[in-house]
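The structure under discussion appears below in the form of structure tokens.
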Amino acid sequence: MIIGIYIVNFLLWKLPLIAFFNSTLLGLLIFIVYLFFSYSRWKAIEIRLEDLNKENRQIKKSLEKQALANQEFMDIIRVWSHQMKIPLSAIDLMTQTVIDNDELKNQIFTLENYLTILLEYQRITNLSTDFRFETVSVNEISKKIVKKYSNFFIQKNLFLKFEGESDWKITTDSRWFELALEQFINNAVKYTKKGGVSIYIGTNQLKIKDSGIGILAEDLPRLFEHGFTGYNGRIQQKSTGLGLYLSRLILDKLDFEVKIESEIEKGTTVIITKRMD
7 MIIGIYIVNF LLWKLPLIAF FNSTLLGLLI FIVYLFFSYS RWKAIEIRLE DLNKENRQIK
67 KSLEKQALAN QEFMDIIRVW SHQMKIPLSA IDLMTQTVID NDELKNQIFT LENYLTILLE
127 YQRITNLSTD FRFETVSVNE ISKKIVKKYS NFFIQKNLFL KFEGESDWKI TTDSRWFELA
187 LEQFINNAVK YTKKGGVSIY IGTNQLKIKD SGIGILAEDL PRLFEHGFTG YNGRIQQKST
247 GLGLYLSRLI LDKLDFEVKI ESEIEKGTTV IITKRMD
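Residue numbers are given in the numbering used here: position 275 of the sequence shown equals residue 281, and the series is strictly consecutive.
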């Protein structure tokens, strides 16, 4: 309609044709410029909206991750606080009856281990650049841990055997690696009533084999979930499931892989290898 009125005005006023073309071209030029700036403004708004949506998604993911971490930590605290009652109850009972010095030391050792697990879990989950890498001997670290558990080996009359052709030198954070390795040796001693523990150290491989009660096949895939105790925990009533969970977190951050093989009443073997690039 506007175009029609436009043409009629030219005809009524009997304006020359050149004026019609000039004005038409000028109008088209103005319209094109308007479209260009309108499109540029619309595109800028779209880009800004996309950036805002992306930021919103990132914030949402961050909040969900934080909520999950908080829930996970609360679950760990719940399991941990429940498990702490066992050694505390044992110590309280001894104070009311006859104090067994060896058993008292064992319960205090257990309490210290549970406290270590909780504190180190907090550190490893909030870790940024706390690792200090150096070349260390797996043989020396293993013997250091075994020495720490020597009383348990003696009390339970368990044998200890070191095997392997040579030492395994690794570049890692010795403190964190030792903590992860200790949880596996702790479990090996805890769930072995007779027989003993064999530690094999080879090239790019460490095996910890015990003759303990073993693990059900259906429990193996869930062993590294926090709070999961499986067959061992139900039988012994001494497991939080946090030790293996912490070990897996540490080894993942240090680029190690861990695999567990087990058979009921025949024992368990933990295999640790360095993840290859």
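Backbone N, C-alpha and C define an ideal beta-carbon position, used for all residues, glycine too.
Can you check DSSP and say which residues form a bridge with residue i?
i      : result
Leu41  : Paired residue(s): none; Leu41 is not in a bridge.
Ile277 : Lys213, Lys265
Residue i by DSSP, collapsed to three states: which one?
i      : result
Tyr206 : strand
Ser87  : helix
Phe183 : helix
Lys199 : coil
Thr101 : helix
Glu172 : Glu is not the amino acid found at residue 172; the sequence shown has Ser there. It is coil, neither helix nor strand.
Glu56  : helix
Leu69  : helix
Phe230 : coil
Met80  : helix
Leu31  : helix
Lys49  : helix
Leu222 : coil
Considering just the uninterrupted stretch of the alpha helix (DSSP H) at residue i, what are its terminal residues?
i      : result
Asp258 : 248-259
Tyr127 : 107-131
Can you name the start and end residues of the beta strand (DSSP E) that residue i belongs to?
i      : result
Glu146 : Glu146 -> not in any beta strand (DSSP E); alpha helix (DSSP H) instead, spanning 144-154.
Phe137 : Taken as a continuous stretch (DSSP letters only), Phe137 belongs to no beta strand (DSSP E), as it is neither H nor E.
Lys265 : 262-269
Thr177 : 175-178
Glu169 : 165-169
Measuring alpha carbon to alpha carbon, tell me which residue in the options is nearest residue i.
i      : options                        : result
Thr275 : Arg281, Val264, Met282         : Val264
Thr131 : Leu255, Thr279, Asp261, Arg228 : Leu255
His232 : Ile214, Thr177, Tyr251         : Tyr251
Glu184 : Leu41, Ile53, Leu260, Asn157   : Leu260
Glu267 : Lys280, Leu222, Leu248         : Leu222
Ile205 : Ser148, Leu35, Val39, Arg181   : Ser148
Is residue i near the ligand ATP, going by C-beta to nearest heavy atom under 7 Å?
i     : result
Asn62 : The ligand ATP is not part of the structure shown, which contains no ligands of any sort.
Sufficient close CB pairs (3 or more, under 8 Å) joining the region 116-128 to the region 144-155
no
Within the chosen definition, does the region 135-145 reach the region 93-111 through at least 3 CB pairs nearer than 8 Å?
no
Does the region 120-130 touch the region 72-91, meaning 3 or more C-beta pairs lie closer than 8 Å?
Segments in contact, yes.
Touch check for the region 208-218 and the region 63-70: three-plus C-beta pairs under 8 Å?
no
Mind the definition here: the region 190-201 touches the region 167-181 only if three or more C-beta pairs lie below 8 Å; say whether that holds.
no
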